[in-house]
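Peer 1:
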Amino acid sequence: MDTIGLLIISAIPTVIGVTQALRFKEKADEEAKKGPKWFNLLCVTANENDSLYGGKIVLVGKKLLIDTREETDAFLFKGLFHDYIGTEIPGLVSHIGTDPPALNWIYVEDEEVKYGTGSESKEGGKIVGPWSYKGGLHLQEKALFYAGREVEEGRWELKYGQNSKGTKVLIAMATIPDEAS
Numbered sequence: 007m008d009t010i011g012l013l014i015i016s017a018i019p020t021v022i023g024v025t026q027a028l029r030f031k032e033k034a035d036e037e038a039k040k041g042p043k044w045f046n047l048l049c050v051t052a053n054e055n056d057s058l059y060g061g062k063i064v065l066v067g068k069k070l071l072i073d074t075r076e077e078t079d080a081f082l083f084k085g086l087f088h089d090y091i092g093t094e095i096p097g098l099v100s101h102i103g104t105d106p107p108a109l110n111w112i113y114v115e116d117e118e119v120k121y122g123t124g125s126e127s128k129e130g131g132k133i134v135g136p137w138s139y140k141g142g143l144h145l146q147e148k149a150l151f152y153a154g155r156e157v158e159e160g161r162w163e164l165k166y167g168q169n170s171k172g173t174k175v176l177i178a179m180a181t182i183p184d185e186a187s
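Add 6 to the 1-based position in the sequence shown for the numbering used here, that's all there is to it.
#1: Out of curiosity, what's the CA-to-CA distance linking residue 136 and residue 166?
#2: If you reduce the DSSP assignment to three classes, tell me which class residue 156 lands in.
#3: Three or more beta-carbon pairs under 8 Å between the segment 49-58 and the segment 164-178, yes or no?
#4: Got a sec, what are the start and stop residues for the alpha helix (DSSP H) residue 128 sits in?
#5: Rounded to whole angstroms, what's the CA-CA distance from residue 118 to residue 148? Just pull it up for me.
#6: Give me the Cα-Cα distance between residue 115 and residue 150, rounded to the nearest whole angstrom.
#7: Using 8 Å as the cut-off, can you tell me whether the segment 154-162 makes contact with the segment 65-76, which would need three or more C-beta pairs spanning the two stretches below that distance?
#8: Apart from the five residues just before and just after residue 75, which ones in its own chain have a Cβ nearer than 6 Å to its Cβ?
#9: Rounded to whole angstroms, what is the Cα-Cα separation between residue 128 and residue 43?
#10: Select from 182, 153 and 169 the residue whose C-alpha is nearest the C-alpha of residue 56.
#11: Would you check if the distance between the CB atom of residue 81 and the CB atom of residue 102 is smaller than 8 Å?
#12: Please go through the same chain and pick out, in chain order, the residues whose beta-carbon is closer than 6 Å to the beta-carbon of residue 47, but skip the five residues on each side of it.
#13: Which of the three DSSP states is assigned to residue 66 in this structure?
#14: Along the chain, where does the beta strand (DSSP E) that runs through residue 114 open and close?
#15: Quick check on residue 147: does DSSP put it in helix, strand or coil?
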């Protein structure tokens, strides 16, 4: 009789652990069903006094730019991670406008960070992923972003690559509340 009692007592932590794991999985499944997690992107530099610090990532003329102006007339990056077309490679998409609402893929071509349709992103020589976020935006497991030249007052090229000839920047994520997506 003592053996049965000991077996019952020793099984309690296992039952509790399995129950907690099932609850955690149910909660994670519910979160996944709520849909995509949209986010904006911001520029961060090593120096908080740098004019690029806190710049918004915007979409202008098929390129992603860093906009340091207080008020911008450009379309803010509003994206999410999604498997790239026909693959399991984590891609990055963004809304490109509201009229009509459309999504475009984010990719790098010749160190320029650009956006385009699926067919535009598939054209040769473009890096479409994998994208990830680990304390900053990463492409192919590296955070090699930098600010290129100023293209107009308060707007800078967003570049990616080893040959950075500009200010190194970290691209940070700002989650958009569910009701705003």
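Cβ atoms here follow ideal geometry from the backbone N, Cα and C, with glycine treated the same way.
As the structure is a computational prediction, the values presented were derived from the model and not from experiment.
Peer 2: Per the coordinate set shown:
#1: Rounded to whole angstroms, residue 136 to residue 166 spans 14 Å at the Cα level.
#2: Three-state DSSP puts residue 156 in a strand.
#3: Output reads yes: the segment 164-178 touches the segment 49-58.
#4: Counted as a single uninterrupted DSSP element, the alpha helix (DSSP H) harbouring residue 128 occupies residues 124-128.
#5: Cα to Cα, the separation comes out at about 15 Å.
#6: Going from the Cα of residue 115 to the Cα of residue 150 covers about 14 Å.
#7: Touching, per the Cβ criterion.
#8: In the same chain as residue 75, and ignoring 5 residues on each side of it, the C-beta atoms closer than 6 Å to its own belong to 160, in chain order.
#9: Computed Cα separation, rounded: 25 Å.
#10: Minimum Cα distance to residue 56 is reached at 153.
#11: Residue 81 is a Cβ neighbour of residue 102, given a cutoff of 8 Å.
#12: Taking C-beta separations shorter than 6 Å and ignoring five residues to either side along the sequence, the partners of residue 47 in its chain run 63, 83 and 177, following chain order.
#13: Strand, per DSSP.
#14: Per DSSP, the unbroken beta strand (DSSP E) holding residue 114 starts and ends at 107-115.
#15: Residue 147: coil per DSSP, three-state reduction.
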